[in-house]
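Data block below; observations after.
In this note's numbering, the protein residues as written are 154 to 914.
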């Protein structure tokens, strides 16, 4: 078609099934190969767009567009058409200035296919002739340094690959195969690049060719348990691959089709296609072309079916090309062909026209001829605006999650490993990160899939978790508080005990000169009572949040002063035995003991030794407050550490040695006068003391609870009560209620009776 500006068009009216290598220059005769109805449909879309623009009063008014269209059926042997487009007056002159170069065509669209486009693109881009392509998606063509005048009206492989990856991730698949074709359309490199850090594993990859063993490829895929297969190949390869899947009885797979064959109209009619599974196509959104059907009917010369094309065979003036089958196609056959690229072709023609319109209106002087370089320059400066003005929105890629597309009504499974349950970490197996086993996280650890699904992270010391957890919980900090009922009971008991001891202290002080007080130890009783009072005060340091001071005072005060009390009891028992049993046999010893206040020397020595042991205990490894986070998983107990075990054992051992001596002396004096016989009371108090602390230490080693400190406090109170109620309360009772027994005469009578009894024996 003649016009003011000539547009070039390259369409696959025929398809060469297999490229052959020729060793001599030879022009390919396309009409000798398989005809392509879809290619003829594309040609008609271009003709329709040109006619619509020529009839427009707003776009390129008073300017007519013409076109020259070639059948482009081969990847490497259709150079005649390209050379014709870039020629000037039938020849191509070398070293032509590009800004003034005026070839036959102002711009062109096509060819279809990435490899074919990359074959001829350098011929056009080196002369800055605009190529507005409708059917080449390879991302290599996006390189503006190599292809400065190339633009396209369809998504690139990059967009398609990103969409496919998005689709795979949407359905939760990660074990996929990628089947490409061994040409420039192949998106394998892009797929490998963009699946990084997505969790998708490429389990198998293959490049299809005419001689490929499709059956072997399918068997490998099936053996690897891959249920999602991306087929990113040209239609001729994809069709053979799908047919091979049907023949090999491959079932229940998900086939993701690239835009090259997603809208293939022949495959859905193949017998057994339903058994292979679900085919999901990634394609541009189909947009209708108003008026196209009427144009086709008009072009056939009638709206009736079966009339010949009035144009006859399409012939080229520059090469041996023909389309004999085109005259046999009906309007319905043309209209019903695959419309996938229709809008892309339509948009390509309109993109060129809008560019010409802009150049015509404001970029050239009156009468100046537009050159391809001017159009290319406009593309470089305002391509996005041009495309939007032509197409508004070219072709959105979109998909919908439709459960109804699956034969089983469930999303097919295509993962190397079943996803781990919550609380399980992944343990890698093999090369792929998608292959793993699951291991339950141990207690006090958790797995965070968003952070690292392969690691069980330990909880912080202030947190805890059960086995197989995804988060840690805060531990509750526990210790006996002043406001708790057990604490109140113990503190009230200690307060009553202190009051009672002070009362007895006052009673004994008031009756200091009476025989009962003298026989109980006299002034030594006040040391014993004072020690018991101070020992009772230590009980109050067991409650509240443990601190260094509280830990230091709660046991040290009791151990020291209670040992002082036991040393007094020991001396008291020893003195009575000396008076009644040893004075006559060892008078000198008795004399020295009394003369040098042996009882006070013994108490001072025992107290000093015990004080030294306590100081060593507190300095070698001081008692301190610690947070026990190992006894209970959900609690942190604030407790006091007992310090060095050896020094603590020495401290307790010294106290217990005095206790055993006291028991021994009291047993030796079991037959003394009643008023001086303290065997029963001392034995009871010391046995209670020993049993209480044996029970406590046993429980301390076995039981872990915040109430162990209450048990400790109760053990102290029990030990003090043993001495109080077995030694001091009976004497207080005599002083208050049996005053007749608190006389010198009564005590003298008891001594005389004991002397008479001894003399008889």
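All C-beta atoms, glycine included, are put in the ideal place defined by N, C-alpha and C.
Check whether residue i and residue j have beta carbons under 8 Å apart
{"i": "residue 225", "j": "residue 275", "result": "no"}
{"i": "residue 385", "j": "residue 333", "result": "yes"}
{"i": "residue 383", "j": "residue 567", "result": "no"}
{"i": "residue 217", "j": "residue 157", "result": "yes"}
{"i": "residue 658", "j": "residue 680", "result": "no"}
{"i": "residue 268", "j": "residue 338", "result": "yes"}
{"i": "residue 584", "j": "residue 304", "result": "no"}
{"i": "residue 863", "j": "residue 647", "result": "no"}
{"i": "residue 525", "j": "residue 256", "result": "yes"}
{"i": "residue 694", "j": "residue 633", "result": "no"}
{"i": "residue 712", "j": "residue 678", "result": "no"}
{"i": "residue 487", "j": "residue 197", "result": "yes"}
{"i": "residue 340", "j": "residue 320", "result": "no"}
{"i": "residue 849", "j": "residue 874", "result": "no"}
{"i": "residue 527", "j": "residue 512", "result": "yes"}
{"i": "residue 877", "j": "residue 660", "result": "no"}
Residues of its chain near residue i, where Cβ-Cβ distance is below 8 Å and the 5 sequence neighbours each way are ignored
{"i": "residue 352", "result": "322, 327, 586, 587"}
{"i": "residue 261", "result": "160, 161, 162, 163, 238, 277, 282, 283, 284, 285"}
{"i": "residue 318", "result": "344, 347, 348, 351, 353"}
{"i": "residue 472", "result": "The predicted position of residue 472 is uncertain, since its pLDDT is 34 and thus under 50; a value taken from the coordinates is nonetheless stated next. Only 180, 223, 233, 234, 237 meet the Cβ criterion."}
{"i": "residue 387", "result": "266, 334, 336, 338, 413, 414"}
{"i": "residue 241", "result": "249, 254, 255, 256, 257"}
Cutoff 7 Å; reference residue i; Cβ partners in own chain excluding five residues on either side
{"i": "residue 396", "result": "423"}
{"i": "residue 622", "result": "576, 594, 599"}
{"i": "residue 440", "result": "496"}
{"i": "residue 853", "result": "861"}
{"i": "residue 270", "result": "264, 286, 289, 294"}
{"i": "residue 189", "result": "165, 166, 167, 168"}
{"i": "residue 627", "result": "615, 616"}
{"i": "residue 710", "result": "687, 688, 690, 691"}
For residue i, the first and last residue of its enclosing alpha helix (DSSP H)
{"i": "residue 607", "result": "Counting along the chain, residue 607 falls outside any alpha helix (DSSP H), though it belongs to the beta strand (DSSP E) covering 605-611."}
{"i": "residue 388", "result": "388-400"}
{"i": "residue 440", "result": "That residue, residue 440, is in no alpha helix (DSSP H); it is neither H nor E in DSSP."}
{"i": "residue 221", "result": "It is not in any alpha helix (DSSP H) - residue 221 instead sits in the beta strand (DSSP E) that spans 218-224."}
{"i": "residue 445", "result": "445-452"}
{"i": "residue 866", "result": "861-876"}
{"i": "residue 191", "result": "190-207"}
{"i": "residue 668", "result": "668-673"}
Which listed residue (the options) has its alpha carbon closest to that of residue i
{"i": "residue 331", "options": "649, 343, 358, 810", "result": "358"}
{"i": "residue 708", "options": "654, 793, 656", "result": "793"}
{"i": "residue 425", "options": "398, 785, 199", "result": "398"}
{"i": "residue 489", "options": "442, 367, 296", "result": "442"}
{"i": "residue 448", "options": "727, 780, 784, 201", "result": "201"}
{"i": "residue 688", "options": "716, 678, 675", "result": "716"}
{"i": "residue 722", "options": "674, 704, 703, 763", "result": "674"}
{"i": "residue 336", "options": "413, 298, 400", "result": "413"}
{"i": "residue 429", "options": "400, 890, 693, 310", "result": "400"}
{"i": "residue 579", "options": "603, 608, 564, 563", "result": "608"}
{"i": "residue 563", "options": "431, 529, 662", "result": "431"}
{"i": "residue 390", "options": "378, 406, 765, 411", "result": "411"}
{"i": "residue 846", "options": "409, 204, 341, 808", "result": "808"}
{"i": "residue 324", "options": "254, 433, 376, 300", "result": "433"}
{"i": "residue 280", "options": "253, 719, 311, 186", "result": "253"}
{"i": "residue 781", "options": "417, 795, 772", "result": "795"}
{"i": "residue 590", "options": "421, 312, 187, 569", "result": "569"}
{"i": "residue 835", "options": "892, 191, 774, 718", "result": "718"}
Close-in-space but distant-in-sequence residues of the same chain around residue i (CB under 6 Å, 5 per side omitted)
{"i": "residue 837", "result": "879"}
{"i": "residue 549", "result": "Bear in mind that the predicted position of residue 549 carries a pLDDT of just 41, short of 50, making it too unreliable to give a figure here."}
{"i": "residue 887", "result": "669, 894, 895"}
{"i": "residue 714", "result": "684, 687, 688"}
{"i": "residue 501", "result": "262, 285, 287, 306"}
Expected contact under 8 Å - CB spacing of residue i and residue j to nearest Å
{"i": "residue 802", "j": "residue 769", "result": "About 12 Å separates the two Cβ atoms, so there is no contact after all."}
{"i": "residue 220", "j": "residue 199", "result": "7 Å"}
{"i": "residue 597", "j": "residue 611", "result": "6 Å"}
{"i": "residue 702", "j": "residue 643", "result": "About 19 Å separates the two Cβ atoms, so there is no contact after all."}
{"i": "residue 724", "j": "residue 756", "result": "6 Å"}
Residue interval of the beta strand (DSSP E) (run including residue i)
{"i": "residue 431", "result": "430-434"}
{"i": "residue 284", "result": "284-286"}
{"i": "residue 781", "result": "777-781"}
{"i": "residue 569", "result": "First-last for residue 569: undefined, no H or E at that position."}
{"i": "residue 601", "result": "598-601"}
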